[in-house]
Amino acid sequence: MYLALYQCPPGPEDVAGNLLRLEQAAQQAVQNGADLLVLPEMFLSGYNIGAKRVAELAESCDGPSALRIAEIARQHKLCILYGYPERDGDAIFNSVQLIDRQGERRANYRKTHLYGDLDRSQFSASDEPPAIFELDGWKVGLLICFDVEFPEAVRTLALAGADLVLVPTANMRPYEFVAQVLVPTRAFENQVFLAYSNYVGSEGEIEYCGLSSIVAPDGQVLTKAKHSEELLVAELDPQRIALAREGYSYVHLRRPVLYRS
């Protein structure tokens, strides 16, 4: 599998403009041989836009933006994972959705760990654990931003058989250590590929730190962005998973009975 990450500035409150950017990124990803494109957290609406605007721009998982993205996926024969504000009844969730190259929804995940007053003022936290789904023979799990900072979140996916964990994010300064230290550690300690797709630039008082990356199951960073707009592409070799798990079998050597409080 060839995986692409689009690191970009946010497009606050500009759904139409962000759909256009998504289509342009999809075209560039396909030109670079990608099978799957991952965009940042809340890509469709922007992240730091306030609870009122989030609620106004929120859509259902099968809303008009999802239908447009399905068209783009079919046109370019590309799988697409994007972040958006999801409305379900009276609740608004910070969600990501994966559309396959046939334009079908394969997964919709709602953020479970809300970060700070900003997240909590705009969204409801999901009580549903992340699920594993299959894509092109890969077992894939989804998390969003702050979720990856909890070791239990990635470990739960690894125990469920994940080969690849995709993490759209909106990580800001001064938390660069998450991208620099925690992301490679999560990949290494669970022997999974991990992709972390972030913003650059600013949005209100927030300054995003970039540093999007794709990390192999042995903790090696396959490709990493700096602090500017960039499309990253890397090949994911499934043999690296087997080799990593032979060398570092943390998941299988656990002793859960000792970890109970």
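Numbering follows the numbering used here, with no gaps: position 18 of the sequence shown is 18.
Beta carbons: idealized from backbone N, C-alpha and C, even for Gly.
Hey, would you say residue i sits closer than 8 Å to residue j, going by beta carbons?
{"i": "L36", "j": "L3", "result": "yes"}
{"i": "L78", "j": "V30", "result": "yes"}
{"i": "S45", "j": "Y84", "result": "yes"}
{"i": "P217", "j": "A195", "result": "no"}
{"i": "L81", "j": "L166", "result": "yes"}
{"i": "V54", "j": "Q122", "result": "yes"}
{"i": "A25", "j": "L231", "result": "yes"}
{"i": "N198", "j": "A234", "result": "no"}
{"i": "C61", "j": "E86", "result": "yes"}
{"i": "V148", "j": "P184", "result": "no"}
{"i": "N108", "j": "S124", "result": "no"}
{"i": "E203", "j": "Q7", "result": "no"}
{"i": "G103", "j": "E134", "result": "no"}
{"i": "Q191", "j": "Y248", "result": "yes"}
{"i": "P9", "j": "G161", "result": "no"}
{"i": "F146", "j": "Y115", "result": "yes"}
{"i": "A58", "j": "I99", "result": "no"}
{"i": "K111", "j": "I144", "result": "yes"}
{"i": "R74", "j": "R106", "result": "no"}
{"i": "C209", "j": "A244", "result": "no"}
{"i": "H76", "j": "Q28", "result": "no"}
{"i": "W138", "j": "L118", "result": "no"}
{"i": "S213", "j": "K224", "result": "yes"}
{"i": "N48", "j": "I241", "result": "no"}
{"i": "E189", "j": "Y250", "result": "yes"}
{"i": "L236", "j": "F193", "result": "yes"}
{"i": "M1", "j": "D136", "result": "yes"}
Provide the residue span of the alpha helix (DSSP H) that contains residue i, from first to last.
{"i": "R240", "result": "Q239 to G247"}
{"i": "V192", "result": "That residue, V192, is in no alpha helix (DSSP H); it is neither H nor E in DSSP."}
{"i": "V257", "result": "From DSSP, V257 is part of no alpha helix (DSSP H); its letter is neither H nor E."}
{"i": "L142", "result": "Run containing L142: none in the alpha helix (DSSP H); it sits in the beta strand (DSSP E), W138 to L142."}
{"i": "V154", "result": "P151 to L159"}
What is the DSSP secondary structure of residue i, reduced to helix, strand or coil?
{"i": "S65", "result": "helix"}
{"i": "I49", "result": "coil"}
{"i": "G116", "result": "helix"}
{"i": "G17", "result": "helix"}
{"i": "V165", "result": "strand"}
{"i": "V251", "result": "coil"}
{"i": "F133", "result": "strand"}
{"i": "S121", "result": "helix"}
{"i": "E23", "result": "helix"}
Between which two residues does the beta strand (DSSP E) harbouring residue i extend?
{"i": "L232", "result": "E230 to E235"}
{"i": "L3", "result": "Y2 to Q7"}
{"i": "L37", "result": "L36 to V38"}
{"i": "V221", "result": "V221 to K224"}
{"i": "Y208", "result": "I206 to C209"}
{"i": "E203", "result": "V200 to E203"}
{"i": "V215", "result": "S213 to V215"}
With a cut-off of 8 Å, does the C-beta of residue i fall near any C-beta of chain C?
{"i": "A242", "result": "Checking the listed chains, one finds no chain C in this structure; it contains a single protein chain."}
Q. Counting Cβ pairs, one atom from each stretch, are 3 or more of them under 8 Å apart for the segment 156 to 171 and the segment 130 to 139?
A. yes
Q. Are the segment 7 to 19 and the segment 51 to 65 touching, with three or more C-beta to C-beta distances below 8 Å?
A. yes
(Q) Runs of 4 residues minimum, wholly inside the segment 53 to 112: which ones carry the alpha helix (DSSP H) assignment? (A) Counting only runs of 4 or more, we get 64 to 76.
Q.
When you compare the segment 19 to 30 with the segment 169 to 185, are there three or more beta-carbon pairs, one atom per stretch, that lie closer than 8 Å?
A. Contact fails: fewer than three Cβ-Cβ distances are below 8 Å.
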